[in-house]
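Trainee: Numbering (the numbering used here), first residue to last: 813 to 1146. Handing you this structure, nothing more for now.
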Ligand code: HEC
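See the structure below:
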């Protein structure tokens, strides 16, 4: 792990290492969710025009911007780093950030910007970024950014993303409040409600709109999380990409999946999706044609986890199918 020097105080273990070593459960552990502020009063300068580069970057539609002047100056922003060929944890990070954005859906998009910067500009041009953005249904307000490798390197360095290998890149998001030069980092794997509150604390108007009553009425599906292991796992690790009975999202609708597929195959695709998808299995080939951009990530789940989550999916398939015409955001329960 390369520390980002003076900017990062409590360096968390990189998400990848945690996933490989201990599995998803460790990744979602509370310790990884602490907010770390790295532009505190004890440091000399706040991040701003004199610190952040103003180099050109290009978004998924091929539009060119000056990084600081056009994208950061005077704004509140959420920034993360990805690369589109990453099959492990970036898709889950992206999916969780989409969930976070939905939680902040009442904040006008002109007031809070989301940027995903590629760590693989050699491979990720605007076209690749566009496909990725479409797979996650990001919409026009969320910019995925690429540029000249040497320029992006400088931007990444300044933002404290200094991994040497792209697979090591950090999976935190940066939360920037340029008007006061304050930046912090947070994890997309913690309690997203807490992260959303932290983001809302940047603006008194956003804070007011987060009163419990508003949150409940904004999300008609508001439910208390039960202790059922399969449900908790589904909400944290699957709901960002799948629905049960509300149509395809990043991955297929899982309604009645146990009727369409054999149990052993389902256990394998949930616990070892990379192996199944790399095999010549005809179902895997068909799924690849339907979902060519983002692959189901290997989350390090055990067969018991797979059994628990399938149990929950089966119970959802049989019971509450929700009412038709609900928005995508309303189908995501967390
Ligand atoms: C980052 C997005 C993402 C996440 C997170 C994710 N999946 Fe998937 N899933 C996919 C995609 C995409 C496919 C289609 C296969 C492919 O191309 O990778 C898929 C396929 C599947 C299938 C096969 C469906 C069928 O019709 O045969 C099952 C079952 C499944 N996922 C269950 C899960 C479960 C359970 C979780 C949570 C533990 C989960 N997925 C998390 C994206 C995701």
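Idealized CB from N, CA, C, for every residue including glycine.
Assuming residue 803 and residue 985 are in contact, meaning their beta carbons sit under 8 Å apart, how far apart are those beta carbons, in whole angstroms?
Mentor: The first residue shown for the chain is 813 and the last is 1146, placing residue 803 beyond what the model contains.
Trainee: Report all residues from its chain with a CB closer than 7 Å to the CB of residue 1013; omit the five preceding and five following residues, and keep chain order.
Mentor: Along the chain shown, read from residue 1 onward, the residue named residue 1013 stands at position 201. Within the same chain, residue 1013 has close Cβ partners 1019.
Trainee: Could you pull out every residue in the same chain whose Cβ sits closer than 6 Å to the Cβ of residue 1118, ignoring the five residues on either side in sequence?
Mentor: The count along the chain shown starts at 1 and reaches residue 1118 at position 306. Counting only Cβ-Cβ distances below 6 Å, and skipping sequence neighbours, we find 1079, 1082 and 1083.
Trainee: Give every residue of the same chain whose Cβ lies closer than 7 Å to the Cβ of residue 1045, excluding the five residues on either side of it in the sequence, and list them in chain order.
Mentor: Along the chain shown, one-based indexing puts residue 1045 at 233. Taken in chain order, the residues that qualify are 1117, 1120 and 1121.
Trainee: Examine ligand 1 and report whether any of its heavy atoms sits within less than 6 Å of the Cβ of residue 1106.
Mentor: Mapped onto the chain shown, residue 1106 falls at position 294. Under cutoff, so the answer is yes.
Trainee: Put residue 944 into one of helix, strand or coil per three-state DSSP.
Mentor: Working through the chain shown from its first residue, we reach residue 944 at position 132. The answer is helix: DSSP assigns residue 944 an H, G or I state.
Trainee: So what's residue 757 in DSSP terms, helix, strand or just coil?
Mentor: Because the chain in this structure spans residues 813 to 1146, residue 757 falls outside the shown range and cannot be described.
Trainee: On the CB-based measure, 16 or more other CB atoms within 10 Å of its CB, does residue 886 come out buried or exposed?
Mentor: For this step, residue 886 is matched to residue 74 along the chain shown. Per the 10 Å Cβ criterion, exposed.
Trainee: Beta-carbon within less than 6 Å of residue 772's beta-carbon, same chain only, minus the 5 sequence neighbours each way: which residues are those?
Mentor: Residue 772 is absent from the structure shown; the chain starts at 813 and stops at 1146.
Trainee: Under 6 Å: does the beta carbon of residue 957 sit that close to some heavy atom of ligand 1?
Mentor: Your numbering for residue 957 matches position 145 in the chain shown. Checking every heavy atom of ligand 1 against the Cβ of residue 957, none is found closer than 6 Å.
Trainee: Grouping DSSP H, G and I as helix and E and B as strand, with all else coil, what is residue 828?
Mentor: Here residue 828 refers to the residue found at position 16 when the chain shown is read from its first residue. For residue 828, the predicted structure reports a pLDDT of 40, less than 50, and the residue's modelled location is therefore unreliable. A value from the coordinates is still provided. Residue state, collapsed to three classes: helix.
Trainee: Using 8 Å as the Cβ pair cut-off and three pairs as the minimum, do the region 867-885 and the region 1084-1092 touch?
Mentor: With the cut-off at 8 Å, the region 867-885 and the region 1084-1092 do not touch.
Trainee: For a minimum of 3 consecutive residues, which ranges assigned as the beta strand (DSSP E) are wholly contained in the region 869-945?
Mentor: With a minimum length of 3 residues, the continuous beta strand (DSSP E) runs that stay inside the region 869-945 are 876-878, 888-894 and 924-930.
Trainee: Taking all protein chains shown into account, decide if residue 861 is buried (16 or more other Cβ within 10 angstroms of its Cβ) or exposed.
Mentor: Start at 1 with the first residue of the chain shown, and residue 861 comes out as number 49. Per the 10 Å Cβ criterion, exposed.
Trainee: Whose C-beta lies closer than 7 Å to the C-beta of residue 919 among residues of the same chain, with five residues either side of it excluded?
Mentor: As a working note, residue 919 is residue 107 in the chain shown. Within the same chain, residue 919 has close Cβ partners 1018.
Trainee: Just to confirm, are residue 1216 and residue 915 a CB contact at a threshold of 7 Å?
Mentor: The displayed coordinates of the chain run from 813 to 1146. Any statement about residue 1216 would go beyond what the structure contains.
Trainee: Measure the beta-carbon distance from residue 941 to residue 896 and round it to whole angstroms, keeping in mind my assumption that it falls under 8 Å.
Mentor: Here residue 941 is taken as the residue at index 129 of the chain shown, counted from 1. Here residue 896 is taken as the residue at index 84 of the chain shown, counted from 1. Their Cβ separation, rounded to whole angstroms, is 7 Å, which keeps residue 941 and residue 896 in contact under 8 Å.
Trainee: Have a look at the DSSP bridge pairing and note the partners of residue 964.
Mentor: To locate residue 964, count along the chain shown from 1; it is residue 152. Answer is none; residue 964 lacks a bridge partner.
Trainee: Taking only heavy atoms of ligand 1 into account, decide whether any of them is closer than 6 Å to the Cβ of residue 1063.
Mentor: Taking the first residue of the chain shown as 1, we reach residue 1063 at position 251. Yes, Cβ of residue 1063 sits closer than 6 Å to a heavy atom of ligand 1.
Trainee: Is residue 1084 near ligand 3, going by C-beta to nearest heavy atom under 6 Å?
Mentor: Looking for ligand 3 in the displayed structure turns up nothing; the ligands present are ligand 1.
Trainee: Going by other Cβ atoms of all chains shown within 10 Å of its Cβ, with 16 needed for buried, is residue 913 buried or exposed?
Mentor: To locate residue 913, count along the chain shown from 1; it is residue 101. It is buried - the Cβ of residue 913 has at least 16 other Cβ atoms within 10 Å.
Trainee: Report buried or exposed for residue 936, applying the criterion of at least 16 other Cβ atoms within 10 angstroms of its Cβ.
Mentor: Here residue 936 corresponds to residue number 124 of the chain shown, with the count starting at 1. So residue 936 counts as buried.
Trainee: Going straight from the alpha carbon of residue 880 to that of residue 961, what length do you get?
Mentor: Against the chain shown, residue 880 aligns to sequence position 68. Against the chain shown, residue 961 aligns to sequence position 149. If you take the alpha carbons of residue 880 and residue 961, they lie about 17 Å apart.
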